[in-house]
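A short write-up of the structure that comes next.
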Amino acid sequence: MNAPEPYKSTPVFDENTLPAGLRKEHRTKAGVWGIIRVLEGRLRYRVLDPITETILDPDHPGLVLPDQPHFVEPLGAMRMQVDFYDRNPSA
């Protein structure tokens, strides 16, 4: 079975254009998964329930589970994008 295609993607953000809403607690809707893809640089990904912290880079994307509170923080210069899915993209 092929991996699902995202139904929506954000623009590519850098450390200056990353929206404030992504830098503070937010969540996807129920039934929506996200994959945070770092294209260049590094990004801190903090999940608040359960509490975890991961450093994302081009080789290590971050999986956002439905309705899971989280936020991101750039670690210097970076470029990133989020892809959204209507089912678990890693299943």
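Quick note: the sequence shown uses this note's numbering, first residue 43, plus one each step. In this text, a Cβ means the ideal position worked out from N, Cα and C, and glycines have one as well. Just so you know, these numbers come straight off a predicted model, no measurement behind them.
Item                                                                                                                                                        : Value
Within 10 angstroms of the Cβ of Gly-63, are there 16 or more other Cβ atoms? Answer buried if so, exposed if not.                                          : exposed
Helix, strand or coil for Gly-63, going by three-state DSSP, please let me know.                                                                            : helix
Could I get the ranges of all uninterrupted beta strand (DSSP E) runs contained in the region 54-111, with 3 residues as the minimum, in chain order?       : 75-82, 85-90, 93-98 and 104-106
List the whole-angstrom C-beta distance separating Val-80 from Asp-128, where the pair is believed to meet the contact cut-off of C-beta under 8 angstroms. : Actually they are not in contact, since the Cβ atoms of Val-80 and Asp-128 sit about 23 angstroms apart, beyond 8 angstroms.
Go to Arg-121, then tell me how far its beta strand (DSSP E) extends in each direction, as first and last residue.                                          : 121-127
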